[in-house]
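Numbering (numbering that gives the first Met the number 0), first residue to last: 0 to 390.
No residue lacks a Cβ here, since even glycine has one placed at the ideal position from N, Cα and C.
Please read these numbers as outputs of a predicted model, since none were measured by experiment.
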Amino acid sequence: MITVTEAKHHILKQRKHTRVEKKPLPDALGFVLAETLFAKIDTPPFDNSAMDGYAFSYALWDKKSPLKVIGEVQAGSENSLKTDANEALRIFTGAPVPPEVDTVIMQEKVERDGDKIRLLDENLKQGSNIRPKGSQTKKGDMALQKGQVLTPAGISYLAGMGFYKVKVYVKPKVSIIITGKELVKAGETLETGKIYESNGIGLTAALRQLSIEPVSVALVDDVSEAIEKAIESQLNSDIIILTGGVSVGNYDLVPAALEKCGVEKIFHKVNQKPGKPFYFGTTSKALIFALPGNPAAVMTCFYEYVVEAINTFTQKKHLKTLTLPLENDFIKKPGLTYFLKGKTTEKGVEVLDSQLSYMLNSFAVADCLITLDENKTDYKKGEIVTVLLIA
Ligand code: AMP
Ligand code: MG
């Protein structure tokens with residue numbers, strides 16, 4: 000059986016080539032830029048007023064007389080008005096500053112009497128309240144670097160420079176196949192021996208947390224032909240996630256079905272708790288994650304492994320890791336990596352109750368998974384552990 004580190008290494012080694020597409024900025028939130036962008040224009044594109052106020056030539060002003068207001072410049076208008084010494088223009092925020100004007104005084108700092116204004120701003124200097132052309136970015140400057148995640152502010156910034164479509168890394172196509180004869184869909188009657196299907200719903204939500212919509216979610220019986228058919232129909236996806244049927248029971252038919260469909264097994268079984276029977280394989284196109292069906296194992300393997308693979312497509316680290324001190328003691332078995340449901344606190348991280356792999360009650364309120372080392376057994380309060388933030 001391989002270790003968690005080896006398993007992750009195998010998955011990252013298989014990384015498929017990233018795909019790139021041009022996306023309109025309004026649809027590009029959360030995507031990662033696949034190109035470095037250079038400013039196509041100066042921004043601001045012209046000298047403009049930072050305030051509602053009065054624009055004038057500080058250089059020509061005699062520094063004592065009131066100024067005569069001879070016209071008005073609105074945002075969006077041209078800057079063709081001319082001013083002479085001791086003359087001013089009424090101006091508004093964002094309005095272009097005429098060439099001979101070098102200073103704007105805020106309207107709150109003047110006393111106006113008819114067409115005359117007296118300047119009352121002791122701190123006023125030549126250049127005050129003017130946003131010079133190109134003071135944010137000059138044409139040709141690097142605007143944003145390849146690899147940058149597009150945030151709302153980043154999108155607004157690029158739009159302000161006249162960009163519309165930008166190259167981003169495409170998200171992978173992900174298919175979900177849920178196996179299990181015992182499963183019934185929400186809303187159906189629960190007969191003896193049956194349980195509500197929850198993994199497909201949980202995985203769909205987990206993918207949506209990464210802004211990925213699964214291309215298909217199929218529910219199939221523990222019947223080899225049905226499982227094979229379901230796999231075959233999804234082999235053009237980038238990632239296929241299966242749940243259930245990967246263990247050693249008579250109805251654990253998934254590994255054999257995958258083999259029949261031409262999937263190459265990379266590993267089966269990892270030294271970990273939960274999710275020991277975890278299977279990973281590939282085709283020339285797809286990465287296949289077959290997860291043991293217990294709901295906590297499914298969610299854990301998704302966050303710990305599937306997300307790592309998704310990261311290689313999107314070029315984005317979707318979940319953050321931190322190191323934090325433990326808030327409680329914990330004793331574990333040697334020889335197994337543990338992934339524990341945890342909750343971060345102001346001081347560290349608390350290990351929650353109900354850690355068994357069929358239970359989700361603590362997972363439902365967890366905000367992280369704590370990794371406990373394969374080789375250790377005794378963890379003491381205050382010891383530093385690695386946590387993966389999942390919420
Ligand atoms: P398996 O990996 O198929 O042996 O399933 C392990 C456990 O997880 C069993 O108790 C199953 O009933 C349960 N299980 C499997 N698939 C699901 C699912 N989609 N939703 C809820 N429980 C499941
Ligand atoms: Mg099963």
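Problem set entry | C-beta atoms of T178 and A38 nearer than 9 Å | Along the sequence shown, one-based indexing puts residue 178 at 179. Along the sequence shown, one-based indexing puts residue 38 at 39. No. Outside cutoff.
Exercise. What's the C-alpha gap between A229 and L323?
Worked result: As a position in the sequence shown, residue 229 is number 230, starting the count at 1. As a position in the sequence shown, residue 323 is number 324, starting the count at 1. Going from the Cα of A229 to the Cα of L323 covers about 42 Å.
Problem set entry | Distance, M160 Cα to G126 Cα | Reading the sequence shown from its first residue, position 127 is the one you call residue 126. Reading the sequence shown from its first residue, position 161 is the one you call residue 160. Taking C-alpha positions only, G126 is separated from M160 by approximately 24 Å.
Problem set entry | Residues of its chain near K180, where Cβ-Cβ distance is below 6 Å and the 5 sequence neighbours each way are ignored | The residue labelled residue 180 in the question sits at position 181 within the sequence shown. Around K180: D220, D221.
Problem set entry | Touch test, the region 4-12 against the region 98-116, Cβ-Cβ under 8 Å, three pairs minimum | no
Exercise. CB of G186 to nearest heavy atom of the ligand AMP: below 8 Å?
Worked result: Locating residue 186 in the sequence shown gives position 187, where the first residue counts as 1. With a cutoff of 8 Å, G186 does not count as near the ligand AMP, since its C-beta is closer than that to no heavy atom of the ligand.
Problem set entry | Proximal residues to P131 (C-beta, below 7 Å), its chain only, five neighbours per side dropped | Within the sequence shown, the letter at position 132 stands for residue 131. Excluding residues within five positions, the ones whose Cβ falls inside 7 Å are D46.
Problem set entry | Local Cβ density within 10 Å of L189, reported as buried at 16 or more and exposed below that | Position 190 of the sequence shown holds residue 189. Counting every other CB atom within 10 Å of its CB across the protein chains shown gives L189 a total below 16, marking it as exposed.
Exercise. So, is F89 buried or exposed, given that buried needs 16 or more other C-beta atoms within 10 angstroms?
Worked result: Locating residue 89 in the sequence shown gives position 90, counting from the first residue. Checking the sequence shown, residue 89 turns out to be Arg, not Phe. A buried status is given to R89, since no fewer than 16 other beta-carbon atoms sit within 10 Å of its beta-carbon.
Exercise. If we count Cβ pairs, one from each stretch, closer than 8 Å, do we get three or more for the region 190-210 versus the region 53-68?
Worked result: no
Exercise. Should the region 286-301 be regarded as contacting the region 328-335, the criterion being three or more beta carbon pairs within less than 8 Å?
Worked result: no
Problem set entry | Residue closest to G381, alpha-carbon to alpha-carbon, out of F329, A365, K340 | The count along the sequence shown starts at 1 and reaches residue 381 at position 382. Out of F329, A365, K340, F329 has the C-alpha closest to the C-alpha of G381.
Exercise. At what residues does the beta strand (DSSP E) containing G274 begin and finish?
Worked result: What you label residue 274 is simply residue 275 of the sequence shown in a count that begins at 1. Here G274 belongs to no beta strand (DSSP E), and DSSP marks it neither H nor E.
For this session: For the region 370-388 and the region 204-213, state whether three or more C-beta atom pairs, one from each stretch, are separated by less than 8 Å.
Result: Verdict: no, contact absent.
Problem set entry | Own chain, CB closer than 8 Å to D41, minus 5 neighbours either side, in chain order | Sequence index remark: in the sequence shown, residue 41 carries index 42 (1-based). Within the same chain, D41 has close Cβ partners K132, G133, T136, K137, K138.
Exercise. Which one or two residues does DSSP pair with I1 in a beta bridge?
Worked result: By one-based count along the sequence shown, residue 1 stands at place 2. In the DSSP assignment, I1 is bridged to V269.
Problem set entry | Bridge partners - T281, DSSP secondary structure assignment | As a working note, residue 281 is residue 282 in the sequence shown. DSSP lists E263, L286 as partners of T281.
For this session: Note the first and the last residue of the continuous alpha helix (DSSP H) segment covering M160.
Result: Your numbering for residue 160 matches position 161 in the sequence shown. Segment: none, M160 is in no alpha helix (DSSP H) and carries neither H nor E.
Exercise. Taking 9 Å as the CB-CB cut-off, is P294 touching chain D?
Worked result: In the structure shown, chain D does not exist; there is a single protein chain.
For this session: List the endpoints of the continuous alpha helix (DSSP H) containing S223.
Result: The residue labelled residue 223 in the question sits at position 224 within the sequence shown. Segment 223-231, the alpha helix (DSSP H) holding S223.
Problem set entry | Three-way DSSP call (helix, strand, coil) for E187 in this model | Here residue 187 corresponds to residue number 188 of the sequence shown, with the count starting at 1. In the displayed model, E187 falls within coil according to three-state DSSP, outside both helix and strand.
For this session: Give the straight-line distance between the Cα atoms of P254 and G199, rounded to the nearest whole angstrom.
Result: On the sequence shown, residue 254 is found 255 positions in, with the first residue counted as 1. On the sequence shown, residue 199 is found 200 positions in, with the first residue counted as 1. Inter-residue distance for P254 and G199 is about 19 Å (C-alpha atoms, whole angstroms).
Exercise. Looking at C-alpha atoms only, which residue of L318, E20, Y156, R14 is the closest neighbour of P43?
Worked result: In the sequence shown, residue 43 corresponds to position 44, counting from 1. Comparing Cα positions, the closest option is Y156.
Exercise. For the ligand MG, any of its heavy atoms closer than 8 Å to the Cβ of D220?
Worked result: For the purposes of this step, residue 220 is taken as the residue at position 221 of the sequence shown. Checking the Cβ of D220 against the ligand MG gives no.
Exercise. If you count every other CB in all the chains shown that lies within 10 Å of the CB of G274, and 16 or more means buried, which is it?
Worked result: Numbered from 1 along the sequence shown, position 275 holds the residue referred to as residue 274. That one is buried.
Exercise. Which of helix, strand or coil does DSSP assign to E20?
Worked result: Working through the sequence shown from its first residue, we reach residue 20 at position 21. DSSP places E20 in strand when its eight states are reduced to three.
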